[in-house]
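Enquirer:
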Amino acid sequence: MKKSFGAVLAMMVAATAGCGQPTAEGRLGTQGTRSVRSYASFQQGDRQIVRIRFKDERQLETLSKLGLDLFENVDMQAGTVDGSVTARDEASLRQAGLTYQVLQRPAQVMEVAGSFMAGYHTVDSLYADYRKLVEAAPGIARIQTLGKSLQGNDIILIRITSKPEADLPGILIDSGHHARELPPVEVSFRLVSHLLSNYGKDERITRLIDTRDIWVVPVVNPDGRKNVESGDAWWRKNMRRNADGSQGVDINRNYDDHWTQGNNRGSADDFHGTAPNSEPETRVMAKVFDMKKFNVSVDIHNYGGMVLWPLGFSKEKTKDEVTYQKLADKMTKPIRYRAGSISRTLYNTYGDFSTWQYVKHGTIAFGIELNDSGFSPPFREVDEDWNEWRDNLLYLIDISADPRAAAARL
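Following our numbering, the numbering of the sequence shown begins with -10 at its first residue and continues without gaps.
#1: Between T51, T271, N291, K319, which has its C-alpha nearest Q346's C-alpha?
#2: Run the CB neighbour count on S30, radius 10 Å, all protein chains shown included, and call it buried at 16 or more, exposed below.
#3: Nearest-angstrom Cα distance between Y451 and T88?
#4: From which residue to which residue does the beta strand (DSSP E) around Q90 run?
#5: What is the rounded straight-line gap between the Cα of K349 and the Cα of R94?
#6: Excluding sequence positions up to five away, which residues of its chain have a Cβ less than 7 Å from the Cβ of P392?
#7: Tell me whether the stretch 122 to 137 and the stretch 240 to 255 touch, counting them as touching only if at least three CB pairs, one residue from each stretch, are closer than 8 Å.
#8: To test your reading of the DSSP string, which unbroken alpha helix (DSSP H) runs of 4 or more residues are found completely within the stretch 251 to 301?
#9: From what residue to what residue does the alpha helix (DSSP H) around Q37 run?
#10: With 16 other CB atoms within 10 Å as the buried threshold, where does K226 fall?
#11: Let me know if R40 comes out buried or exposed under the rule of 16 or more other beta-carbons within 10 Å of its beta-carbon.
#12: Count the other CB atoms, across all protein chains shown, that sit within 10 Å of the CB of S114; report buried if there are 16 or more and exposed otherwise.
#13: Where does the unbroken beta strand (DSSP E) through A373 begin, and where does it stop?
#14: By a C-beta neighbour count over all protein chains shown, 10 Å radius and 16 as the cutoff for buried, is D239 buried or exposed?
#15: So, using beta-carbon positions, are Y109 and E170 closer together than 8 Å?
#16: Who are the near neighbours of G18 in its chain, counting only those whose CB is closer than 7 Å to its CB and skipping five residues on each side?
#17: Please tell me whether P299 and I331 are closer than 8 Å, where the distance is taken between their beta carbons.
#18: Once the 5 residues before and after P269 are set aside, which same chain residues still bring their CB inside 8 Å of it?
#19: Residues in the same chain with beta-carbon distance under 6 Å from G206, minus the five sequence neighbours each way, listed in chain order, please.
#20: Can you tell which of L122, I144, I38 has its C-alpha closest to the C-alpha of K276?
#21: Identify, in the order they occur along the chain, each residue of the same chain with its Cβ nearer than 8 Å to the Cβ of Y119, setting aside the five sequence neighbours on each side.
#22: Span of the beta strand (DSSP E) holding S330?
#23: Please classify L399: is it buried, with 16 or more other beta-carbons within 10 angstroms of its beta-carbon, or exposed?
#24: For K420, count neighbouring Cβ atoms within 10 angstroms of its own Cβ and tell me buried if that reaches 16, exposed if not.
#25: With the cut-off set at 8 Å, would you say A76 and D221 are in Cβ contact?
#26: Look at the alpha carbon of P323 and the alpha carbon of G301, and state the distance between them as a whole number of angstroms.
#27: Taking C-alpha atoms, which residue in E370, R201, V209 lies nearest to G141?
#28: Taking the Cβ atom as the reference point for each residue, do V70 and L59 lie within a distance shorter than 8 Å?
#29: Counting C-beta neighbours from all protein chains within 10 Å, is the total for G34 16 or more, i.e. buried, or is it exposed?
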(Lines of atoms letter the chains of each structure in order from A and count residues from 1; the text may use other names and numbers.)
(Lines give C-alpha, C1' and ligand atoms only; values in the text may rest on other atoms or scores of the structure.)
Protein backbone atom coordinates (compact mmCIF):
# COMPACT_ATOMS: atom_id res chain seq x y z
CA MET A 1 0.00 0.00 0.00
CA LYS A 2 1.25 3.47 -0.84
CA LYS A 3 2.04 5.81 2.00
CA SER A 4 0.67 9.31 1.57
CA PHE A 5 3.27 12.04 1.12
CA GLY A 6 2.12 13.52 4.41
CA ALA A 7 2.70 10.21 6.19
CA VAL A 8 6.16 9.89 4.71
CA LEU A 9 7.01 13.43 5.76
CA ALA A 10 5.57 12.86 9.23
CA MET A 11 7.91 9.90 9.73
CA MET A 12 10.85 12.00 8.58
CA VAL A 13 9.90 14.83 10.92
CA ALA A 14 9.40 12.40 13.78
CA ALA A 15 12.81 10.90 13.15
CA THR A 16 14.43 14.28 13.68
CA ALA A 17 12.25 15.36 16.61
CA GLY A 18 14.28 16.44 19.58
CA CYS A 19 17.39 16.89 17.47
CA GLY A 20 18.83 20.25 16.53
CA GLN A 21 18.10 21.24 12.94
CA PRO A 22 21.47 21.24 11.19
CA THR A 23 22.16 23.86 8.57
CA ALA A 24 22.08 22.95 4.89
CA GLU A 25 25.86 23.24 4.88
CA GLY A 26 26.08 20.78 7.73
CA ARG A 27 23.86 18.24 6.01
CA LEU A 28 25.27 18.46 2.49
CA GLY A 29 28.81 19.69 2.72
CA THR A 30 29.95 22.98 1.24
CA GLN A 31 30.56 21.73 -2.29
CA GLY A 32 27.26 19.80 -2.47
CA THR A 33 25.30 22.75 -1.09
CA ARG A 34 26.76 25.14 -3.64
CA SER A 35 25.84 22.75 -6.44
CA VAL A 36 22.28 22.23 -5.23
CA ARG A 37 21.69 25.94 -4.72
CA SER A 38 22.63 26.54 -8.36
CA TYR A 39 19.48 24.72 -9.47
CA ALA A 40 16.60 26.77 -10.87
CA SER A 41 14.31 25.55 -8.08
CA PHE A 42 16.41 27.44 -5.52
CA GLN A 43 16.98 30.67 -7.46
CA GLN A 44 14.55 32.48 -5.15
CA GLY A 45 16.25 31.11 -2.03
CA ASP A 46 16.08 28.02 0.17
CA ARG A 47 12.79 26.15 0.25
CA GLN A 48 10.97 24.13 2.84
CA ILE A 49 7.86 21.98 2.59
CA VAL A 50 4.90 23.19 4.63
CA ARG A 51 1.31 22.19 5.29
CA ILE A 52 -0.86 25.29 4.95
CA ARG A 53 -4.18 25.61 6.75
CA PHE A 54 -7.16 27.42 5.27
CA LYS A 55 -10.55 28.04 6.90
CA ASP A 56 -12.82 28.02 3.86
CA GLU A 57 -12.96 28.18 0.07
CA ARG A 58 -12.49 31.94 0.09
CA GLN A 59 -9.24 31.63 2.02
CA LEU A 60 -8.09 28.82 -0.30
CA GLU A 61 -8.76 31.09 -3.27
CA THR A 62 -6.66 33.81 -1.63
CA LEU A 63 -3.89 31.26 -1.11
CA SER A 64 -4.03 30.11 -4.73
CA LYS A 65 -3.36 33.66 -5.94
CA LEU A 66 -0.14 34.10 -3.96
CA GLY A 67 1.99 32.38 -6.60
CA LEU A 68 3.25 29.69 -4.24
CA ASP A 69 4.29 26.22 -5.34
CA LEU A 70 1.11 24.53 -4.13
CA PHE A 71 0.83 20.77 -4.47
CA GLU A 72 -2.35 19.06 -5.67
CA ASN A 73 -3.13 17.29 -2.38
CA VAL A 74 -5.84 19.73 -1.29
CA ASP A 75 -7.92 18.30 1.56
CA MET A 76 -11.10 20.35 1.77
CA GLN A 77 -12.36 18.52 4.87
CA ALA A 78 -9.15 19.04 6.84
CA GLY A 79 -8.59 22.49 5.33
CA THR A 80 -4.99 21.81 4.34
CA VAL A 81 -2.72 21.77 1.31
CA ASP A 82 1.04 21.23 1.10
CA GLY A 83 3.50 23.43 -0.73
CA SER A 84 7.12 24.32 -1.28
CA VAL A 85 7.88 27.82 -0.01
CA THR A 86 10.72 30.31 0.20
CA ALA A 87 11.19 32.92 2.92
CA ARG A 88 9.38 35.41 0.68
CA ASP A 89 6.49 32.99 0.31
CA GLU A 90 6.30 32.52 4.08
CA ALA A 91 6.04 36.27 4.51
CA SER A 92 3.17 36.29 1.99
CA LEU A 93 1.40 33.56 3.96
CA ARG A 94 1.71 35.47 7.22
CA GLN A 95 0.54 38.69 5.59
CA ALA A 96 -2.55 36.85 4.27
CA GLY A 97 -3.30 35.54 7.75
CA LEU A 98 -2.56 31.92 6.85
CA THR A 99 -0.88 29.53 9.24
CA TYR A 100 1.30 26.56 8.34
CA GLN A 101 3.27 23.66 9.75
CA VAL A 102 6.80 22.89 8.56
CA LEU A 103 7.10 19.34 7.24
CA GLN A 104 10.59 19.49 5.75
CA ARG A 105 13.33 21.96 6.57
CA PRO A 106 15.55 23.37 3.78
CA ALA A 107 18.28 20.83 4.46
CA GLN A 108 15.82 17.97 3.98
CA VAL A 109 14.44 19.53 0.82
CA MET A 110 17.93 19.84 -0.59
CA GLU A 111 18.63 16.18 0.11
CA VAL A 112 16.00 15.28 -2.50
CA ALA A 113 17.88 17.35 -5.08
CA GLY A 114 21.11 16.31 -6.75
CA SER A 115 19.97 12.98 -8.17
CA PHE A 116 17.36 11.36 -10.42
CA MET A 117 15.18 8.61 -8.96
CA ALA A 118 16.26 5.13 -10.08
CA GLY A 119 14.09 3.24 -12.56
CA TYR A 120 12.58 6.18 -14.39
CA HIS A 121 13.20 6.92 -18.05
CA THR A 122 15.21 9.92 -19.09
CA VAL A 123 13.77 11.78 -22.05
CA ASP A 124 16.40 10.28 -24.35
CA SER A 125 15.91 6.70 -23.13
CA LEU A 126 12.13 7.12 -23.28
CA TYR A 127 12.21 8.28 -26.90
CA ALA A 128 14.56 5.43 -27.80
CA ASP A 129 12.20 2.90 -26.22
CA TYR A 130 9.23 4.40 -28.06
CA ARG A 131 11.08 4.06 -31.34
CA LYS A 132 11.68 0.38 -30.60
CA LEU A 133 8.00 -0.17 -29.81
CA VAL A 134 6.89 1.54 -33.00
CA GLU A 135 9.44 -0.28 -35.16
CA ALA A 136 8.07 -3.57 -33.86
CA ALA A 137 4.49 -2.59 -34.80
CA PRO A 138 4.76 -0.74 -38.13
CA GLY A 139 1.21 -1.46 -39.25
CA ILE A 140 -0.49 0.13 -36.26
CA ALA A 141 1.90 2.70 -34.76
CA ARG A 142 3.69 5.79 -35.97
CA ILE A 143 6.04 8.21 -34.25
CA GLN A 144 6.54 11.79 -35.32
CA THR A 145 7.91 15.06 -34.02
CA LEU A 146 5.13 17.57 -33.44
CA GLY A 147 7.51 20.45 -32.85
CA LYS A 148 10.40 21.71 -30.77
CA SER A 149 10.58 22.90 -27.18
CA LEU A 150 12.13 26.21 -26.17
CA GLN A 151 15.58 24.59 -25.97
CA GLY A 152 15.14 22.65 -29.18
CA ASN A 153 14.14 19.26 -27.81
CA ASP A 154 11.63 17.19 -29.75
CA ILE A 155 8.04 16.98 -28.56
CA ILE A 156 6.92 13.66 -30.00
CA LEU A 157 3.63 12.00 -30.80
CA ILE A 158 2.88 8.28 -30.85
CA ARG A 159 -0.19 7.61 -32.95
CA ILE A 160 -1.87 4.20 -32.70
CA THR A 161 -4.49 3.03 -35.19
CA SER A 162 -4.65 0.39 -37.92
CA LYS A 163 -6.52 2.83 -40.19
CA PRO A 164 -4.59 6.12 -40.22
CA GLU A 165 -6.37 7.36 -43.34
CA ALA A 166 -9.84 6.89 -41.87
CA ASP A 167 -11.65 9.52 -39.82
CA LEU A 168 -11.90 7.46 -36.64
CA PRO A 169 -12.92 8.74 -33.19
CA GLY A 170 -9.93 10.35 -31.52
CA ILE A 171 -8.55 10.38 -27.99
CA LEU A 172 -5.56 12.40 -26.80
CA ILE A 173 -3.45 11.24 -23.85
CA ASP A 174 -0.60 13.41 -22.61
CA SER A 175 1.82 13.57 -19.71
CA GLY A 176 4.87 15.54 -18.64
CA HIS A 177 3.41 19.07 -18.51
CA HIS A 178 5.12 19.50 -15.14
CA ALA A 179 8.76 18.50 -15.11
CA ARG A 180 9.07 16.96 -11.64
CA GLU A 181 6.06 14.65 -12.01
CA LEU A 182 7.85 11.43 -12.97
CA PRO A 183 5.20 8.64 -12.82
CA PRO A 184 2.77 10.09 -15.41
CA VAL A 185 5.32 9.71 -18.19
CA GLU A 186 5.79 6.06 -17.24
CA VAL A 187 2.05 5.38 -17.20
CA SER A 188 1.75 6.74 -20.74
CA PHE A 189 4.61 4.47 -21.79
CA ARG A 190 2.98 1.45 -20.16
CA LEU A 191 -0.23 2.18 -22.04
CA VAL A 192 1.46 2.37 -25.43
CA SER A 193 3.46 -0.79 -24.73
CA HIS A 194 0.33 -2.62 -23.58
CA LEU A 195 -1.65 -1.65 -26.66
CA LEU A 196 1.05 -2.51 -29.17
CA SER A 197 2.10 -5.80 -27.58
CA ASN A 198 -1.49 -7.09 -27.37
CA TYR A 199 -2.76 -6.20 -30.82
CA GLY A 200 -3.89 -9.37 -32.56
CA LYS A 201 -3.78 -11.25 -29.26
CA ASP A 202 -6.38 -9.52 -27.12
CA GLU A 203 -9.81 -9.13 -28.72
CA ARG A 204 -10.70 -5.85 -27.02
CA ILE A 205 -7.38 -4.15 -27.71
CA THR A 206 -7.44 -5.30 -31.32
CA ARG A 207 -10.91 -3.81 -31.70
CA LEU A 208 -9.85 -0.51 -30.13
CA ILE A 209 -6.85 -0.10 -32.42
CA ASP A 210 -8.99 -1.01 -35.44
CA THR A 211 -11.76 1.47 -34.58
CA ARG A 212 -10.09 4.36 -32.72
CA ASP A 213 -7.35 6.93 -33.37
CA ILE A 214 -5.18 7.07 -30.24
CA TRP A 215 -2.71 9.96 -29.90
CA VAL A 216 -0.15 9.98 -27.07
CA VAL A 217 2.15 12.94 -26.32
CA PRO A 218 4.40 11.46 -23.61
CA VAL A 219 6.49 14.51 -22.61
CA VAL A 220 4.98 17.95 -23.16
CA ASN A 221 7.85 19.67 -21.31
CA PRO A 222 11.11 17.91 -22.28
CA ASP A 223 13.32 20.85 -21.28
CA GLY A 224 11.99 20.90 -17.74
CA ARG A 225 12.17 17.12 -17.53
CA LYS A 226 15.83 17.16 -18.57
CA ASN A 227 16.49 19.77 -15.89
CA VAL A 228 14.97 17.38 -13.34
CA GLU A 229 17.16 14.58 -14.72
CA SER A 230 20.18 16.78 -13.94
CA GLY A 231 19.18 16.73 -10.26
CA ASP A 232 16.79 19.68 -9.93
CA ALA A 233 14.10 17.41 -8.50
CA TRP A 234 11.62 20.14 -7.46
CA TRP A 235 11.45 21.94 -10.84
CA ARG A 236 7.92 22.32 -12.30
CA LYS A 237 8.00 24.80 -15.21
CA ASN A 238 9.74 25.00 -18.58
CA MET A 239 13.17 26.64 -18.89
CA ARG A 240 12.21 30.11 -20.17
CA ARG A 241 14.49 32.97 -19.01
CA ASN A 242 12.10 35.68 -17.92
CA ALA A 243 12.66 39.42 -18.24
CA ASP A 244 12.78 39.88 -14.46
CA GLY A 245 15.68 37.42 -14.12
CA SER A 246 13.51 34.55 -12.94
CA GLN A 247 13.14 31.32 -14.84
CA GLY A 248 10.29 29.23 -16.18
CA VAL A 249 6.69 29.40 -17.36
CA ASP A 250 4.07 26.95 -16.13
CA ILE A 251 2.93 25.47 -19.44
CA ASN A 252 -0.29 24.30 -17.80
CA ARG A 253 -1.21 27.93 -17.09
CA ASN A 254 -0.23 29.27 -20.52
CA TYR A 255 -3.18 28.14 -22.66
CA ASP A 256 -5.50 30.74 -24.17
CA ASP A 257 -8.43 30.51 -21.77
CA HIS A 258 -8.97 33.10 -19.03
CA TRP A 259 -5.21 33.57 -19.23
CA THR A 260 -5.31 37.20 -18.07
CA GLN A 261 -6.46 36.11 -14.62
CA GLY A 262 -3.36 33.97 -14.06
CA ASN A 263 -0.21 34.78 -12.13
CA ASN A 264 2.01 37.42 -13.78
CA ARG A 265 4.98 37.18 -11.38
CA GLY A 266 7.87 35.46 -13.16
CA SER A 267 9.26 33.82 -10.05
CA ALA A 268 5.89 32.24 -9.21
CA ASP A 269 5.69 28.51 -9.77
CA ASP A 270 2.43 29.01 -11.66
CA PHE A 271 3.67 31.97 -13.75
CA HIS A 272 1.44 32.09 -16.80
CA GLY A 273 3.96 33.63 -19.21
CA THR A 274 3.98 36.92 -21.09
CA ALA A 275 1.00 36.13 -23.34
CA PRO A 276 -1.44 33.29 -24.04
CA ASN A 277 0.36 30.48 -25.88
CA SER A 278 3.66 32.34 -25.49
CA GLU A 279 5.54 29.07 -25.03
CA PRO A 280 6.50 26.78 -27.92
CA GLU A 281 5.38 23.77 -25.89
CA THR A 282 1.90 25.26 -25.51
CA ARG A 283 1.72 26.09 -29.20
CA VAL A 284 2.67 22.52 -30.10
CA MET A 285 -0.20 21.16 -28.02
CA ALA A 286 -2.62 23.71 -29.48
CA LYS A 287 -1.51 22.69 -32.98
CA VAL A 288 -2.51 19.10 -32.27
CA PHE A 289 -6.14 20.24 -32.26
CA ASP A 290 -5.70 21.62 -35.77
CA MET A 291 -4.64 18.15 -36.85
CA LYS A 292 -7.41 16.07 -35.27
CA LYS A 293 -10.73 16.36 -33.45
CA PHE A 294 -10.63 14.65 -30.06
CA ASN A 295 -13.79 13.56 -28.32
CA VAL A 296 -11.93 12.60 -25.12
CA SER A 297 -8.60 13.57 -23.61
CA VAL A 298 -6.61 12.60 -20.54
CA ASP A 299 -3.93 14.88 -19.07
CA ILE A 300 -1.93 12.79 -16.56
CA HIS A 301 -0.30 14.40 -13.53
CA ASN A 302 0.62 13.47 -9.98
CA TYR A 303 -0.03 13.42 -7.08
CA GLY A 304 -3.19 13.53 -4.94
CA GLY A 305 -5.44 10.68 -6.12
CA MET A 306 -8.01 12.70 -8.08
CA VAL A 307 -9.95 12.75 -11.33
CA LEU A 308 -10.59 16.35 -12.34
CA TRP A 309 -12.53 18.10 -15.09
CA PRO A 310 -13.33 21.67 -16.20
CA LEU A 311 -13.93 24.36 -15.32
CA GLY A 312 -10.71 25.60 -13.79
CA PHE A 313 -11.51 29.30 -13.79
CA SER A 314 -14.96 29.07 -12.17
CA LYS A 315 -16.90 26.91 -9.76
CA GLU A 316 -19.91 27.00 -12.08
CA LYS A 317 -21.03 23.68 -13.53
CA THR A 318 -20.88 23.13 -17.27
CA LYS A 319 -23.64 21.62 -19.41
CA ASP A 320 -21.60 18.39 -19.33
CA GLU A 321 -21.37 18.16 -15.54
CA VAL A 322 -23.53 15.02 -15.41
CA THR A 323 -21.44 13.37 -18.13
CA TYR A 324 -18.23 14.16 -16.29
CA GLN A 325 -19.62 13.02 -12.95
CA LYS A 326 -20.94 9.70 -14.25
CA LEU A 327 -17.76 8.82 -16.13
CA ALA A 328 -15.58 9.86 -13.19
CA ASP A 329 -17.68 7.85 -10.73
CA LYS A 330 -17.25 4.75 -12.87
CA MET A 331 -13.47 5.22 -12.96
CA THR A 332 -12.89 6.26 -9.36
CA LYS A 333 -15.15 3.87 -7.47
CA PRO A 334 -12.78 0.85 -7.72
CA ILE A 335 -9.67 2.88 -6.88
CA ARG A 336 -11.10 5.33 -4.33
CA TYR A 337 -9.92 8.51 -6.01
CA ARG A 338 -11.69 11.78 -5.36
CA ALA A 339 -13.55 13.32 -8.29
CA GLY A 340 -14.74 16.81 -9.11
CA SER A 341 -14.18 19.90 -11.19
CA ILE A 342 -10.75 21.52 -10.96
CA SER A 343 -11.99 24.66 -9.24
CA ARG A 344 -14.24 22.87 -6.75
CA THR A 345 -11.76 20.11 -5.88
CA LEU A 346 -8.51 22.09 -5.91
CA TYR A 347 -8.61 25.83 -6.46
CA ASN A 348 -9.15 28.16 -9.40
CA THR A 349 -6.73 27.74 -12.29
CA TYR A 350 -6.38 29.95 -15.34
CA GLY A 351 -5.00 28.87 -18.69
CA ASP A 352 -4.96 25.15 -17.86
CA PHE A 353 -4.98 22.56 -20.64
CA SER A 354 -8.13 20.64 -19.71
CA THR A 355 -10.31 23.74 -19.49
CA TRP A 356 -8.88 25.13 -22.74
CA GLN A 357 -9.72 21.89 -24.54
CA TYR A 358 -13.27 21.84 -23.26
CA VAL A 359 -14.07 25.53 -23.79
CA LYS A 360 -12.39 25.89 -27.18
CA HIS A 361 -12.99 22.46 -28.69
CA GLY A 362 -15.77 20.75 -26.72
CA THR A 363 -13.49 17.86 -25.76
CA ILE A 364 -14.50 15.83 -22.72
CA ALA A 365 -11.18 16.53 -21.04
CA PHE A 366 -10.06 14.86 -17.83
CA GLY A 367 -7.07 15.65 -15.65
CA ILE A 368 -5.73 12.78 -13.54
CA GLU A 369 -3.67 13.20 -10.38
CA LEU A 370 -2.10 9.81 -9.71
CA ASN A 371 -2.21 8.64 -6.10
CA ASP A 372 1.53 8.61 -5.46
CA SER A 373 3.43 9.43 -2.28
CA GLY A 374 5.16 12.37 -3.98
CA PHE A 375 6.26 13.79 -7.30
CA SER A 376 9.15 11.36 -7.70
CA PRO A 377 8.22 8.34 -5.56
CA PRO A 378 10.06 5.01 -5.57
CA PHE A 379 9.65 3.44 -9.00
CA ARG A 380 7.60 0.54 -7.62
CA GLU A 381 4.68 2.94 -7.24
CA VAL A 382 4.44 3.11 -11.04
CA ASP A 383 3.31 -0.52 -10.98
CA GLU A 384 0.46 0.44 -8.66
CA ASP A 385 -0.44 3.44 -10.82
CA TRP A 386 -0.58 1.27 -13.91
CA ASN A 387 -2.64 -1.42 -12.20
CA GLU A 388 -5.12 1.25 -11.10
CA TRP A 389 -5.35 3.01 -14.45
CA ARG A 390 -4.94 0.32 -17.12
CA ASP A 391 -8.64 -0.54 -17.31
CA ASN A 392 -9.75 3.08 -16.94
CA LEU A 393 -7.56 4.23 -19.82
CA LEU A 394 -8.82 1.42 -22.01
CA TYR A 395 -12.37 2.38 -21.05
CA LEU A 396 -11.80 6.00 -22.08
CA ILE A 397 -10.37 4.87 -25.40
CA ASP A 398 -13.42 2.66 -25.85
CA ILE A 399 -15.98 5.41 -25.20
CA SER A 400 -14.14 8.05 -27.24
CA ALA A 401 -16.61 7.45 -30.08
CA ASP A 402 -19.29 9.23 -28.02
CA PRO A 403 -18.47 9.87 -24.35
CA ARG A 404 -21.72 11.68 -23.67
CA ALA A 405 -23.78 8.75 -24.91
CA ALA A 406 -21.61 6.37 -22.88
CA ALA A 407 -22.28 8.42 -19.74
CA ALA A 408 -26.00 8.43 -20.44
CA ARG A 409 -25.98 4.62 -20.40
CA LEU A 410 -24.48 4.47 -16.90
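From the three backbone atoms N, C-alpha and C, an ideal C-beta is built for every residue, glycine too. Computed from a predicted model, the values in this text were never measured in an experiment.
Expert: In short:
#1: As a position in the sequence shown, residue 346 is number 357, starting the count at 1. Closest by C-alpha distance to Q346, out of T51, T271, N291, K319, is T271.
#2: For the purposes of this step, residue 30 is taken as the residue at position 41 of the sequence shown. With 16 or more other Cβ atoms inside 10 Å of its own Cβ, S30 counts as buried.
#3: Outside the displayed span of the chain (-10 to 399) sits residue 451, for which this structure offers no information.
#4: The residue given as residue 90 occupies position 101 in the sequence shown. DSSP places Q90 in the uninterrupted beta strand (DSSP E) bounded by 88 to 93.
#5: The count along the sequence shown starts at 1 and reaches residue 349 at position 360. The count along the sequence shown starts at 1 and reaches residue 94 at position 105. Each residue's Cα considered, the two are about 43 Å apart.
#6: Here residue 392 corresponds to residue number 403 of the sequence shown, with the count starting at 1. Counting only Cβ-Cβ distances below 7 Å, and skipping sequence neighbours, we find N284, V285, T312, L316, I353.
#7: Short answer: they don't touch.
#8: Those alpha helix (DSSP H) runs which fall completely within the stretch 251 to 301 and span 4+ residues are 269 to 280.
#9: Residue numbering aside, residue 37 sits at position 48 when the sequence shown is read from its first letter. Unbroken run through Q37 is the beta strand (DSSP E), 37 to 42; no alpha helix (DSSP H).
#10: Stepping through the sequence shown from its first residue, residue 226 is reached at position 237. With at least 16 other beta carbons inside 10 angstroms of its own, K226 counts as buried.
#11: Here residue 40 refers to the residue found at position 51 when the sequence shown is read from its first residue. R40 is buried by the Cβ-count criterion.
#12: Reading the sequence shown from its first residue, position 125 is the one you call residue 114. S114 counts as exposed, since fewer than 16 other beta carbons sit within 10 angstroms of its beta carbon.
#13: The count along the sequence shown starts at 1 and reaches residue 373 at position 384. In the sequence on display, residue 373 carries Glu and not Ala. Unbroken run through E373 is the alpha helix (DSSP H), 369 to 388; no beta strand (DSSP E).
#14: Mapped onto the sequence shown, residue 239 falls at position 250. So D239 ends up on the buried side.
#15: Against the sequence shown, residue 109 aligns to sequence position 120. Against the sequence shown, residue 170 aligns to sequence position 181. Not closer than 8 Å, so no.
#16: On the sequence shown, position 29 is the one that residue 18 refers to. Bear in mind that a pLDDT of 27 at G18, under 50, signals an unreliable position, so the model cannot answer this.
#17: Against the sequence shown, residue 299 aligns to sequence position 310. Against the sequence shown, residue 331 aligns to sequence position 342. Yes, these two residues count as a Cβ contact at 8 Å.
#18: Reading the sequence shown from its first residue, position 280 is the one you call residue 269. When the five nearest sequence neighbours on each side are left out, the beta carbons in the same chain lying within less than 8 Å of the beta carbon of P269 are those of G136, K137, S138, L139, in order along the chain.
#19: Within the sequence shown, numbered from 1, the residue matching residue 206 stands at position 217. In the sequence as presented, Gly is not what sits at residue 206; that position holds Val. Exclusion of the five residues before and after V206 leaves L146, D163 as the residues of its chain whose Cβ lies within less than 6 Å of its Cβ.
#20: In the sequence shown, counting from the first residue as 1, residue 276 sits at position 287. If we check each option's Cα against that of K276, I144 comes out closest.
#21: In the sequence shown, the residue the question calls residue 119 occupies position 130. Within the same chain, and ignoring the five residues on either side of Y119 in sequence, the residues whose Cβ sits closer than 8 Å to its Cβ are I132, I145, I147, F178, V181, P207.
#22: If you number the sequence shown from 1, residue 330 lands on position 341. Start and end: 327 to 330.
#23: Numbered from its first residue, the sequence shown carries residue 399 at position 410. When all chains shown are included, L399 counts as exposed.
#24: The structure shown does not extend to residue 420, since the chain spans only -10 to 399, so no value can be given for it.
#25: Numbered from its first residue, the sequence shown carries residue 76 at position 87. Numbered from its first residue, the sequence shown carries residue 221 at position 232. At a Cβ-Cβ threshold of 8 Å, A76 and D221 do not count as neighbours.
#26: Position 334 of the sequence shown, counted from the first residue, corresponds to residue 323. Position 312 of the sequence shown, counted from the first residue, corresponds to residue 301. Computed Cα separation, rounded: 26 Å.
#27: By one-based count along the sequence shown, residue 141 stands at place 152. Of the listed residues, the one whose Cα sits closest to G141 is V209.
#28: Translated into the one-based positions of the sequence shown, residue 70 becomes position 81. Translated into the one-based positions of the sequence shown, residue 59 becomes position 70. Remark: C-beta atoms of V70 and L59 approach each other more closely than 8 Å.
#29: Locating residue 34 in the sequence shown gives position 45, where the first residue counts as 1. Of the residues assessed, G34 falls on the exposed side of the cut-off, its CB having fewer than 16 other CB atoms within 10 angstroms.
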